[in-house]
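> Take the sequence shown: its position 93, counting from 1, is numbered 92 in numbering that gives the first Met the number 0, and each next residue is one higher.
We put the CB at the ideal spot given by N, CA and C, even for glycine.
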Amino acid sequence: MTRAFRRMARAGWLTVAALGALGLASAGCERKAAEQSPIKIGFVVKQPEEPWFQSEWEFAAQAADKYGFKLIRIGAVDGEKVLAGIDNLAAQGAQGFIICTPDVRLGPAIVARAQSHQMKLLSVDDQFVGPDGQFMTAVHHLGISARAIGQDVGRALYAELRKRGWKTDEVGLCAVTFEELDTAKERTDGAIEALIDAGFPRDRVYKAAQKTSDVPGAFDAADVILTQHPEVQRWLVCGMNDNAVLGAVRVMEGRGVPAEAVIGIGINGTDCLNEFRKPAPTGFFASVLLTPRRHGFETAEMMYKWLKEGVEPAKLTFTTGILITRETYEPVLKEQGLLK
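1) Alpha carbon to alpha carbon, how far is A26 from I148?
2) Less than 6 Å between C-beta atoms, sequence neighbours within five positions excluded: which residues of the same chain meet that for R233?
3) Can you tell me the Cα-Cα spacing of T327 and G255, whole angstroms?
4) Decide if D86 is buried, meaning its Cβ has at least 16 other Cβ atoms within 10 Å, or exposed.
5) Beta-carbon within less than 6 Å of A20's beta-carbon, same chain only, minus the 5 sequence neighbours each way: which residues are those?
6) Go through its chain and collect everything with a Cβ distance to R340's Cβ below 7 Å, but skip five positions before and after it.
7) Taking the beta carbon of E94 as the centre, do at least 16 other beta carbons fall within 10 Å, making it buried, or is it exposed?
8) What residue range does the beta strand (DSSP E) around D124 cover?
9) Sorted by chain position, which residues of the same chain lie with C-beta nearer than 6 Å to G216's C-beta, five sequence neighbours on each side aside?
10) Ordered along the chain, which non-local residues of its own chain (more than five positions away) have a Cβ less than 7 Å from that of P312?
11) For S286, which beta-bridge partners are listed by DSSP?
12) Taking the straight line between their C-alpha atoms, what separation do you get for L272 and H116?
13) Can you grab the Cα-Cα spacing for the pair P280 / K39, in whole Å?
14) In whole angstroms, what separates the C-alpha of R293 from that of A220?
15) Going by C-alpha to C-alpha distance, which of L332, T167, E329, F296 sits closest to F68?
16) Suppose the cutoff is 8 Å on Cβ atoms and the five residues either side in sequence are ignored; what does the same chain contact list for L172 look like?
17) Relative to the C-alpha of R325, which residue among P291, E308, T269 is closest?
18) Which first and last residues belong to the alpha helix (DSSP H) in which K307 is found?
19) Where M118 and F96 are concerned, what is the direct C-alpha to C-alpha distance, given to the nearest angstrom?
20) So, helix, strand or coil for W234, using DSSP?
21) For L338, collect the residues of the same chain with a Cβ closer than 6 Å to its Cβ; drop the 5 residues on either side in sequence, then sort them by chain order.
22) Please report how far the alpha carbon of G151 lies from the alpha carbon of V287, in whole angstroms.
23) In the structure shown, what three-state DSSP assignment does G295 receive?
24) Roughly how many angstroms separate the alpha carbons of F127 and A75, rounded to a whole number?
25) Run the CB neighbour count on E308, radius 10 Å, all protein chains shown included, and call it buried at 16 or more, exposed below.
26) Count the other CB atoms, across all protein chains shown, that sit within 10 Å of the CB of E185; report buried if there are 16 or more and exposed otherwise.
27) Taking the continuous alpha helix (DSSP H) assigned at P193, which residues delimit it?
28) Give the straight-line distance between the Cα atoms of P130 and N242, rounded to the nearest whole angstrom.
29) Which residue comes first and which comes last in the beta strand (DSSP E) that contains F275?
30) Using 8 Å as the threshold, is the C-beta distance between F58 and P291 below it?
31) State the start and end residues of the unbroken beta strand (DSSP E) segment that holds K65.
32) For K314, is the classification buried or exposed, using 16 other Cβ atoms within 10 angstroms of its Cβ as the cut-off for buried?
33) Quick check on this structure: which residue in L141, A83, Q114 has the alpha carbon closest to the alpha carbon of C99?
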């Protein structure tokens, strides 16, 4: 009640009943204003300059437009910026946030900071790891199933091998590996596992260990394998991403292996578009496209419904991918909102 109303009351100008009515009306207005204030949701990413995270933000913004909440984007490249970013979100009135942390071992600190601000939390892409080194499965998470995606690659390699009528005793698998990174190891292990399960001989699997996780690193690793196995006439190629496979394909081209004698399948689906656009097919046959739309739009949608309607998301949601080739990549990328 304002000072003016109190003075009026003391002067006898307002009755007790009128004062009560005014108080109720004031409380009702405050409740209505609170109900009408937009929900605010933060989206914190570890590498804001990367196309993947830019796409996640873009799709999260589409969810914000659809449901009418305010999206607050924050880039946080280290632990200090993560915790400061959460405090910033709280100061702006965010009721919850989605995060891809720069270090999964920050999980306990992130959870504690979110709880201190009474904010709901959902991790995306990289799952938190606790002090015991185990995944923090109590934290709601939407991530990429690295092994399942690798298995998709392995099955697709074997299917194309059969389609071309290749004999496995003439074929070798060049698996470009980077086992220091858990996600990379899961992907290549999954591809090898699926190939062997399909009937590919284990003794024709050749691992090419990258020293650096880029195209030159893959090139150098695959070069060693081709030197060691000059008897192999046809090659399958897998790796942790598109660039790993591209590096191996470049080596094979340089050594005179014809494109039709190579089946390379990458992962990501975005670093291989120039390869698909070349006038003639190369040994890079396909890629498993990861879907930032799910990681951006769906996580934002989950958080909104959790805050607005009390619909708690599943504790764990894992996504896979979509196989694309030079014949199919354009319609698939357009459907996924990644190509105009």
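In short:
1) Below a pLDDT of 50, predicted positions are generally treated as unreliable, and A26, at 42, falls in that range; the measurement from the model is reported next regardless. Approximately 54 Å, taken between the alpha carbons.
2) When the five nearest sequence neighbours on each side are left out, the beta carbons in the same chain lying within less than 6 Å of the beta carbon of R233 are those of W165, E169, V170, A260, in order along the chain.
3) Cα to Cα, the separation comes out at about 28 Å.
4) It is exposed - the Cβ of D86 has fewer than 16 other Cβ atoms within 10 Å.
5) Residue placement at A20 cannot be trusted, given a pLDDT of 46 that sits under 50; what the coordinates show is reported in the next sentence. Leaving aside the five residues that flank A20 on each side, none in its chain has a CB nearer than 6 Å to its CB.
6) Residue 340 lies beyond the residue range present for the chain, which begins at 0 and ends at 339; the question has no answer from this structure.
7) Just to set this straight, residue 94 is Gln in the shown sequence, not Glu. By the neighbour-count rule (16 or more Cβ atoms within 10 Å), Q94 is buried.
8) Run containing D124: 119-124, per the beta strand (DSSP E) assignment.
9) The beta carbon of G216 is closer than 6 Å to those of Q209, K210 in its chain, skipping five residues each way along the sequence.
10) Counting only Cβ-Cβ distances below 7 Å, and skipping sequence neighbours, we find L121, H139, M301, W305.
11) Beta-bridge partners assigned by DSSP to S286: G265, I323.
12) Near 43 Å, if we compare the C-alpha coordinates of H116 and L272.
13) Cα to Cα, the separation comes out at about 47 Å.
14) Near 33 Å, if we compare the C-alpha coordinates of A220 and R293.
15) Ranked by how close their Cα comes to the Cα of F68, the residues L332, T167, E329, F296 have F296 in first place.
16) Contacts found: L156, I191, L194, F199, R203, V204, Y205, W234, L235, V236, C237.
17) Of the listed residues, the one whose Cα sits closest to R325 is T269.
18) Run containing K307: 298-308, per the alpha helix (DSSP H) assignment.
19) Annotation: M118 to F96 spans about 7 Å, alpha carbon to alpha carbon.
20) Three-state DSSP puts W234 in a strand.
21) For L338, same chain residues with a beta-carbon under 6 Å away, outside a window of 5 residues either side, are L332 in chain order.
22) Strictly speaking, residue 151 in this sequence is Asp, with Gly absent from that position. Taking the CA atoms as reference points, D151 sits about 8 Å from V287.
23) In the structure shown, G295 sits in a helix (DSSP, three-state: H, G or I).
24) Cα atoms of F127 and A75: separation of roughly 16 Å, rounded to the nearest angstrom.
25) Exposed: under 16 other Cβ atoms inside 10 Å.
26) Label assigned to E185: buried.
27) The amino acid occupying residue 193 in the given sequence is Ala; Pro does not appear at that position. Residues 181-197.
28) Between P130 and N242, the C-alpha separation is close to 33 Å.
29) DSSP places F275 in no beta strand (DSSP E) but in the uninterrupted alpha helix (DSSP H) bounded by 272-275.
30) In contact: F58 and P291 (Cβ atoms closer than 8 Å).
31) K65 -> not in any beta strand (DSSP E); alpha helix (DSSP H) instead, spanning 50-66.
32) The residue is exposed, with fewer than 16 neighbouring Cβ atoms inside 10 Å.
33) Closest option to C99, Cα to Cα, is L141.
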